[in-house]
Amino acid sequence: MPAPRKKPSPPKSLRTADKLARLGLSSDMALVLHLPMRYEDETQLLTLREAGLRHGSTVQVEGVVVDCDVQYRPRRQLVVKISDDTGLLILRFLNFYGSQASLMAAGKRLRVRGEMRHGFFGDEMVHPTVKAVDEGAPLPDALTPVYPAGEGLSQALLRKAIAAAMTRIDWADSLPGALRERLGLMPFEPAVRLLHNPPPGASEGALLERTHPAWTRMKFDELLAQQLSMKRAQAARRQQGAPVLASVGELTHALLAALPFSLTGAQQRVLGEVRTDLQAPYPMQRLLQGDVGSGKTVVAALAATQAIDSGYQAALMAPTEILAEQHFRKIASWLAPLGVDVAWLTGSLKKREKEEARARIESGRARLVVGTHALIQHDVGFARLGLVIVDEQHRFGVAQRLTLRNKGVDSVPHQLMMSATPIPRTLAMTYYADLEVSVIDELPPGRTPVVTRLVAQERRDEVIARVHAAALEGRQAYWVCPLIEESEALQLQTATDTHALLTAALPDLRVGLVHGRLKPAEKQTVMDAFARGELHLLVATTVIEVGVDVPNASLMVIEHAERFGLSQLHQLRGRVGRGAAASVCLLLFQGPLGPVAKERLAIMRETTDGFEIARRDLAIRGPGEFLGARQSGQAMLRFADLETDQWLVEQARNIAQELLSSQPAVADAHLARWLGAKEDYLRV
Ligand code: ADP
Ligand code: MG
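For the sequence shown, numbering that gives the first Met the number 0 gives the first residue as 0, with consecutive numbering after it.
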């Protein structure tokens with residue numbers, strides 16, 4: 000066997016290109032659009048005496064080396080002393096190369112930048128940046144950019160690569176002058192040049208805060224590219240065929256007649272929007288937003304009956320087994336009496352049950368299928384899938400949603416996505432620019448708003464007494480155990496301990512326990528007992544977060560509320576206030592709380608409006624965290640900030656529409672520039 004040949008190491012320039020590519024900087028335009036995160040002011044030079052008065056701040060000085068020496072105590076280090084006419088400064092380097100020592104040999108003139116410190120032997124800097132210069136060497140006349148960098152990429156290298164790219168790109172402005180003037184935007188080239196090399200006198204504050212007009216231009220361009228690409232994707236989708244679900248027929252009318260309530264105005268409006276979409280020959284992509292308890296399920300069911308009435312199947316997918324089961328039970332209780340075969344499919348079914356369900360789905364006998372992501376596994380084939388409904392869509396990845404969409408036989412099924420985590424308007428406009436959005440902005444009548452109180456953990460005993468009192472009045476309560484992110488086992492332990500403790504503290508009450516590790520059947524037994532009123536108190540982990548619907552429960556206790564996300568607290572709180580009784584939510588917290596935690600809990604006390612909570616949550620946390628890791632990776636904006644740049648988002652959206660209809664060539668040019676720089680704005 001021939002010995003494996005040793006690979007020659009790649010040329011240095013190639014390795015640099017690789018490193019740049021790792022940062023997504025593989026084209027000249029990408030380099031040019033790699034903008035500084037901050038600047039260093041190297042336009043000023045202080046004398047050593049002046050610098051000596053500025054301990055703690057970063058300064059630039061110049062001096063001649065009078066001594067350069069390796070010391071070994073307290074640890075090995077290079078110690079360099081420089082002086083000018085006014086004083087002396089010690090430079091310390093704990094890690095250094097031999098070449099550095101020769102660069103800083105006695106007699107050399109050094110320009111040094113670093114933080115001034117007061118050392119035992121006098122003024123000093125640790126690990127300053129150092130450059131050998133000739134006497135009288137000119138100072139830069141612009142602030143020096145500091146770029147986001149990756150491993151092994153020095154600022155010097157990035158600066159060089161970017162400066163070179165700037166000499167090669169086509170600077171033509173992608174926006175026509177008239178449009179720029181109308182919007183008050185800077186031209187492209189001066190904006191970009193200014194951001195890379197701000198002239199003296201440019202406001203460093205405005206640059207750092209990204210309020211400078213040059214930044215505004217970049218943000219607008221970025222948002223416009225995103226809007227354009229999403230609108231294009233939407234248009235492309237319209238080219239795909241979808242089954243025309245034209246018939247609002249017998250089954251739909253029978254369901255409406257059988258419901259124990261009539262639809263709210265908001266439900267009717269939203270249902271009208273969905274109906275119109277389903278009758279179109281291209282796939283619906285609609286996001287149905289509605290606060291917890293606003294009644295999304297029935298709208299979903301009525302969309303499903305329209306598909307069934309039109310001779311197609313519908314599928315409803317939920318992120319967790321407990322939520323899927325809730326849907327299944329509710330919808331089956333509506334549709335089974337009307338003669339509809341509703342199939343149930345999750346991963347935890349026995350093999351035989353799974354096969355049986357699959358057979359009914361494949362033959363088309365099952366008209367509606369409810370389940371978890373087991374629905375999108377490859378071995379499930381639908382006979383005639385016309386509509387896919389995805390609950391809590393933000394919990395699924397895009398890929399998962401797409402798989403279900405591809406289960407249509409000769410056309411793409413319509414998609415209805417539901418979310419009880421209301422997404423603020425700006426966020427919806429950017430992240431879901433390719434979706435139609437319907438909002439149920441009204442709760443069914445007869446609900447009483449939940450009163451929320453913050454209670455310090457020390458007063459837990461009073462809270463237990465309160466649970467007791469509520470139970471004596473015939474009401475039921477939830478007790479949600481703290482979220483322990485690091486360890487599911489620990490979370491389980493806490494729930495078990497809490498259950499034991501509350502059972503002991505409330506000997507005359509029946510206390511149940513539900514958590515994620517229970518088998519589905521066990522879970523259901525407990526939930527059923529609670530729903531039938533056989534349990535006074537249900538101790539739970541966050542498994543009850545979504546969907547659980549027990550109208551008689553009117554007290555919710557959440558321990559360590561400070562550890563939960565706001566939308567999660569809102570979801571949990573939504574489990575009460577579902578009946579006529581006045582409901583209370585007690586948020587137990589462990590003090591002392593930091594200012595952010597205080598503000599977050601205050602929001603929960605001040606409002607029960609999920610949209611308002613989402614908006615304020617976004618303001619505190621920023622969109623990346625708000626959407627969670629799954630979403631934020633997709634279309635993260637680099638420059639624009641959805642909270643502070645709302646106005647720009649709206650502008651970009653309007654202009655995108657305008658350009659696509661009246662100046663498509665401008666849209667093309669703009670997209671080409673920005674997509675060439677970053678490809679993942681384009682989403683499916
Ligand atoms: P969510 O939007 O949180 O999914 P659900 O669909 O679970 O809300 O509805 C919450 C509760 O309100 C359910 O018990 C449901 O049957 C009931 N409901 C839905 N619509 C109405 C209505 N128009 N009038 C009265 N009750 C309704
Ligand atoms: Mg729901």
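Note that CB positions come from ideal geometry on N, CA and C, so glycine has one too.
Minimum C-alpha distance to residue i - residue among the options
i, options, result
"M115", "H54, D608 and P336", "H54"
"V466", "E435, R509, S486 and V273", "R509"
"H117", "R91, A136 and S101", "R91"
"T57", "V63, D66 and L44", "L44"
"A313", "L286, L384 and K353", "L384"
"G346", "P412, W333, A317 and K329", "A317"
"A336", "T371, V369 and A253", "The sequence given here has Pro at residue 336, not Ala. It is A253 whose Cα lies nearest to the Cα of P336."
"G310", "P506, T606, G289 and A365", "A365"
"A504", "A488, G264 and D460", "D460"
"A28", "L658, P139, R167 and R572", "Note on identity: in this sequence residue 28 is Met, with Ala being the wrong assignment. Cα-wise, what sits closest to M28 is R167."
"T495", "A306, Q475 and L517", "L517"
"Q284", "P198, L222, R572 and A232", "A232"
"G86", "M103, N94 and V63", "V63"
"P199", "T143, R237, Q226 and R236", "T143"
"Q238", "E39, L670, V411 and F563", "V411"
"E558", "P550, A50, A469 and Q567", "Q567"
"F95", "P73, R110 and P127", "P127"
"L348", "G338, E320 and K329", "E320"
"V389", "M217, T541 and A300", "A300"
"G149", "E487, L22 and G135", "L22"
"L93", "V125, F120 and G106", "V125"
Euclidean distance between Cα positions of residue i and residue j
i, j, result
"V687", "L182", "Outside the modelled stretch of the chain, which goes from 0 to 683, sits residue 687, for which no answer is possible."
"H535", "T524", "15 angstroms"
"A224", "A245", "36 angstroms"
"R629", "S418", "Summary for R629: the model assigns pLDDT 35, below 50, so the residue's position carries little reliability, and this model does not support an answer."
"T251", "K295", "16 angstroms"
"A131", "P137", "13 angstroms"
"A356", "K18", "51 angstroms"
"P282", "A234", "11 angstroms"
"T371", "D276", "25 angstroms"
"V556", "L287", "29 angstroms"
"R236", "E221", "23 angstroms"
"L184", "A342", "56 angstroms"
"L386", "V339", "16 angstroms"
"P663", "S25", "27 angstroms"
"T46", "R158", "28 angstroms"
"L270", "A302", "8 angstroms"
"A155", "D644", "32 angstroms"
"E598", "Q656", "38 angstroms"
"V60", "E203", "21 angstroms"
"S217", "T263", "One detail in the question is off: residue 217 reads as Met in this sequence, not Ser. Taking the straight line from one Cα to the other gives about 44 angstroms."
"A323", "P519", "11 angstroms"
"W646", "D640", "11 angstroms"
"F187", "M165", "13 angstroms"
"R672", "L174", "11 angstroms"
"S261", "L255", "8 angstroms"
"P139", "R112", "14 angstroms"
"I439", "L565", "20 angstroms"
Cutoff 6 angstroms; reference residue i; Cβ partners in own chain excluding five residues on either side
i, result
"I161", "L30"
"R615", "I602"
"D66", "K80"
Other residues of its chain near residue i: CB distance less than 8 angstroms, five sequence neighbours each side excluded
i, result
"V69", "R75, Q76, L77, V78 and A100"
"L600", "L453, A560, E561, L586, F588 and L592"
"L374", "A314, M316, L344, V368 and L403"
"V595", "I619"
"L102", "V129 and A131"
"G532", "Q475 and N551"
8 angstroms contact criterion, which residue i and residue j should meet: CB distance rounded
i, j, result
"P280", "V247", "17 angstroms between Cβ atoms; not a contact."
"A539", "Y477", "6 angstroms"
"G576", "P448", "7 angstroms"
"L554", "R474", "6 angstroms"
Nonlocal neighbours in the same chain, by C-beta distance under 7 angstroms from residue i, ignoring five residues either side
i, result
"R351", "none"
"H569", "V291, G609 and I612"
"P35", "P144, V145, Y146, L194 and H195"
Completely contained beta strand (DSSP E) runs for the segment 99–128, where each covers 3 or more residues: 108–114, 116–118 and 121–125
Secondary structure, alpha helix (DSSP H): runs of 4+ residues fully inside the segment 464–514: 487–504
Runs of beta strand (DSSP E) wholly within the segment 28–85 (minimum 3 residues, chain order): 37–39, 57–70 and 76–83
Uninterrupted alpha helix (DSSP H) stretches inside the segment 212–296 (no shorter than 4 residues): Within the segment 212–296, the runs of alpha helix (DSSP H) that reach at least 4 residues and sit entirely inside it are, in chain order, 212–237, 249–257 and 264–277.
Completely contained beta strand (DSSP E) runs for the segment 306–371, where each covers 3 or more residues: Scanning the segment 306–371 for uninterrupted beta strand (DSSP E) segments of 3 residues or longer gives 312–316, 341–344 and 367–370, listed from N- to C-terminal end.
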